[in-house]
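First comes the structure, then the notes that go with it.
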Amino acid sequence: MSVDEGTVRRVAKLARLRLIEAEVAPLARELSGILAWVEQLGELDVSDVPPMTGVGASLKRRADQVTEGGLAEEVLRNAPHAEDGFFTVPKVVE
Amino acid sequence: MSALTDLSLDEARKGLARKDFSARELTRACLDRIAAATPLNGFITVAAERALAMADAADARLSAGEGGLLEGVPLAVKDLFCTQGVLTTAGSHILDGFVPPYESTVTANLWRAGAVLLGKTNLDEFAMGSSNETSYYGPAVSPWRAAGSEERLVPGGSSGGSAVAVAARLAAGALGTDTGGSIRQPAALTGTVGLKPTYGRCSRWGIVAFASSLDQAGPMTRTVTDAALLLRAMAGHDPKDSTSVNRPVPDYVKALDGGLKGLKVGLPKEYRADGMSPEIEALWARGADWLRAQGAEVREVSLPRTRYALAAYYIIAPAEASSNLARYDGVRFGLRVPGRDPTEMYENTRGEGFGTEVKRRILIGTYALSAGYYDAYYARAQKVRTLIARDFEAAFETVDVLLTPTTPGPAFGIGAKTNDPLTMYLNDVFTVTVNLAGLPGISVPAGLDASGLPLGLQLIGKPFAEDELLRVAARLEEAAGFSARPQEWWTA
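Quick look at the structure:
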């Protein structure tokens, strides 16, 4: 599978990654190389094989209850921008 | 008396309990050595004041006769574990200034056992790398050099700084994490012991996530006994990690005793891949002889799908990473690069905050998970993962442990493999299968190559058989008798 520069830009958009122009061509080349190498997985017959989605027993469940809270100040301490107990982002609606 | 920093973790622990020296003296000795080792770039943050305060508290408990398993033992922690009140970077620009308001479960377990935090060690950005060269904070440098050379070598990765701290005797032991070999490969390259436990043995809570179905924390030490001690303090059930397993933690140190008579050791024939260096092959054969001489029965086994493991890994790990790293959006923590609207702000922040390798993996993962490609890449890789796990299950019906080389070769020069991501990925060829299957694996220093650089052998065990794995590793360690240590070129 060859990845062209348009595909790199499209996937970068999906991943919310701004790429500078000089990054695009090398990434297209590297991604093509990696995906071509991954093509070897096609040599195996996996038609009756279940996917392994995790290791070991199925996930445990727990009660859906509040165990901690009231930590807004601590939570916001690492925010690049916070105001009045809220995270702030650029204006969404004019 | 030799330097306090030369003591093994176990010797340090015993010396502290006997009051041969204080935790403050030992911690001070480590901090002085760290300060003199800046050319190695092993640490991102040195928490000197806090370390001395923790040491004083340990001394008080030791005086009161209340010391824990690791009371007063100074440790280095990979900067992927969240440490309350201490900068945690994951080796990334995007976590600039992040000071966690909470402590990871594994580190909390260590402090409860009395250990002292010296500082946070350098690593590949978000643990994505095999050489520590993708760190935003610059590469960590191996204390080892090839004979007659001044070339700077990689310590391996991603837990490169932790390997440096242990090999250069800057800490009694260290914590690493291992997603595809990130504990075992740097251990092998620096002549130290590195253990990746069974998936679920140690809690992942509070560890910056890379690939959640593969990540596991483990000890990096100078001896197998030290690894057993650290694992005992780290391991245990944690309700905050739904994949952490609720089963008793054995006394791994007690389990070290005993011979190998009747032990069945498998050598996976597929690991004898094309192009294995004769030196690695000879080391592997020597390792088998050492176990055989102690009464083990060594036989060849087959793991037929081994050659597909790396390709499956380089779909699964990036796919999980692209999802895990979605949280770095410039809103809640770390770096923010402004934009006209939220989307542009996310894109600018992530574009500037992530390094090249991380971007590469996010793009691979996003691509593999995107509509139209999911089945061809991600679902297929997960099915291949099932086959790889089945290979191990079948092998473990006939043998107790597997013996393999840890890496395809010794440490390489900084910059030698950065041009081609695929060449770098091949470093993990012998370790990555273990993560895919969720098994425990340990690297033990086994010898030096012709140029005087360390090489390691890996033992792979059955799920939750760390006790048996450590016992075999201890016998391998004794037989190898590895006593080499790097020349101290880095101290002025």
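If you read the protein sequences in the order shown, they are chains A and B.
End of the first sequence = 443 in the numbering used here, gap-free, step of one.
End of the second sequence = 552 in the numbering used here, gap-free, step of one.
Glycine included, every Cβ here is placed at the ideal spot set by N, Cα and C.
Check: Looking at the unbroken alpha helix (DSSP H) that takes in Lys419(B), where does it start and where does it end?; Outcome: Thr416 to Leu429
Check: Answer yes or no: do Asp275(B) and Gly254(B) have a C-beta to C-beta separation smaller than 9 angstroms?; Outcome: no
Check: Is the segment 436-447 of chain B close to the segment 202-222 of chain B, with three or more CB pairs under 8 angstroms?; Outcome: no
Check: Going by alpha carbons, who is nearest to Met401(A) out of Ile448(B), Thr167(B) and Pro514(B)?; Outcome: Ile448(B)
Check: Can you name the residues of chain A whose CB is closer than 9 angstroms to the CB of Met405(B)?; Outcome: Val438 and Pro439
Check: Answer yes or no: do Leu323(B) and Asp460(B) have a C-beta to C-beta separation smaller than 9 angstroms?; Outcome: yes
Check: Whole-angstrom Cβ separation of Met294(B) and Thr252(B), contact assumed at under 8 angstroms?; Outcome: About 17 angstroms separates the two Cβ atoms, so there is no contact after all.
Check: Grab me the residues of Ile520(B)'s own chain with a C-beta within less than 6 angstroms of its C-beta, minus the 5 sequence neighbours each way, in chain order.; Outcome: Leu462, Val494, Leu499 and Gly501
Check: So is Glu211(B) buried or exposed if we call it buried at 16+ other beta carbons inside 10 Å?; Outcome: exposed
Check: Would you kindly report the start and end of the unbroken beta strand (DSSP E) that includes Ser503(B)?; Outcome: Gly501 to Leu508
Check: Identify, in the order they occur along the chain, each residue of the same chain with its Cβ nearer than 7 angstroms to the Cβ of Val492(B), setting aside the five sequence neighbours on each side.; Outcome: Gly240, Gly241, Ala369, Leu370 and Tyr373
Check: Using a cut-off of 7 angstroms between C-beta atoms, extract the partners of Gln389(A) located in chain B.; Outcome: Tyr368 and Ala371
Check: Should Ala315(B) be counted as a contact of the ligand SAM given a C-beta to heavy atom distance under 8 angstroms?; Outcome: In the structure shown, the ligand SAM is absent, as is every other ligand, since no ligand is present at all.
Check: Please list the terminal residues of the continuous alpha helix (DSSP H) segment that includes Met294(B).; Outcome: Val284 to Met294
Check: Where does Phe435(A) land, buried or exposed, given buried means 16+ other C-beta within 10 angstroms?; Outcome: exposed
Check: Which value, in whole angstroms, describes the spacing of the CA atoms of Asp326(A) and Glu422(A)?; Outcome: As shown, chain A starts at 350 and ends at 443. That puts residue 326(A) outside it, with no answer to give.
Check: Which complete alpha helix (DSSP H) runs does the segment 511-542 of chain B hold, if anything under 4 residues is left out?; Outcome: 526-540
Check: What runs of the beta strand (DSSP E), each 3 residues or longer, lie entirely inside the segment 309-353 of chain B?; Outcome: 324-328
Check: Going by beta carbon distance, what residues of the same chain come within less than 8 angstroms of Met61(B), once the five residues before and after it are set aside?; Outcome: Per-residue confidence for Met61(B) stands at a pLDDT of 46, beneath the threshold of 50, marking its modelled position as unreliable; the derived number appears in the next sentence. Answer for Met61(B): no residue qualifies.
Check: Would you report the Cα separation of Glu392(A) and Leu496(B), rounded to the nearest angstrom?; Outcome: 19 angstroms
Check: Taking only beta-carbon atoms, is Glu354(A) less than 9 angstroms away from chain B?; Outcome: no
Check: Does any residue of chain A bring its CB to less than 9 angstroms from the CB of Phe542(B)?; Outcome: no
Check: Find the nearest neighbour of Val489(B) within the set Leu536(B), Pro328(B), Pro402(B) and Arg535(B), judged by alpha-carbon distance.; Outcome: Pro328(B)
Check: So with Cβ pairs under 9 angstroms, would you call Arg545(B) a contact of chain A?; Outcome: no
Check: Return the first residue and the last residue of the alpha helix (DSSP H) that Arg172(B) is part of.; Outcome: Thr165 to Arg172
Check: Return the chain-ordered list of same chain residues with a C-beta closer than 8 angstroms to the C-beta of Phe472(B), the five sequence neighbours on each side being excluded.; Outcome: Ser191, Leu213 and Val214
Check: Chain A partners of Phe393(B), CB-CB under 7 angstroms?; Outcome: Asn427 and Ala428
Check: Got a sec? Which residues, its chain only, sit under 6 angstroms from Leu147(B) by beta carbon, not counting five neighbours each side?; Outcome: Thr105 and Val159
Check: Run down chain A in chain order and give the residues with a C-beta less than 8 angstroms from the C-beta of Ser430(B).; Outcome: Val360 and Leu363
Check: Under a three-way DSSP split, which group does Leu274(B) fall into?; Outcome: coil
Check: Looking only at its own chain, which residues have a Cβ that is under 7 angstroms from the Cβ of Asp509(B), when we skip the five neighbours before and after it?; Outcome: Glu339, Pro470 and Leu515
Check: Leaving out five residues on either side along the sequence, give the residues of the same chain with a beta carbon under 8 angstroms from the beta carbon of Thr416(B).; Outcome: Thr194
Check: Since Gly419(A) meets chain B, which of its residues come closer than 7 angstroms, beta carbon to beta carbon?; Outcome: Within 7 angstroms Cβ-Cβ: nothing; Gly419(A) doesn't reach chain B, min ~13 angstroms.
Check: Expressed to the nearest angstrom, what Euclidean distance is found between the alpha-carbon atoms of Leu58(B) and Ala377(A)?; Outcome: Outside the shown range of chain B (61 to 552) lies residue 58(B), about which nothing can therefore be said.
Check: Rank Gly157(B), Lys522(B), Gly125(B) and Ala539(B) by C-alpha distance to the C-alpha of Tyr259(B) and give the top, closest one.; Outcome: Lys522(B)
Check: Distance cutoff 9 angstroms, beta carbons only. Does Thr149(B) sit that close to anything in chain A?; Outcome: no
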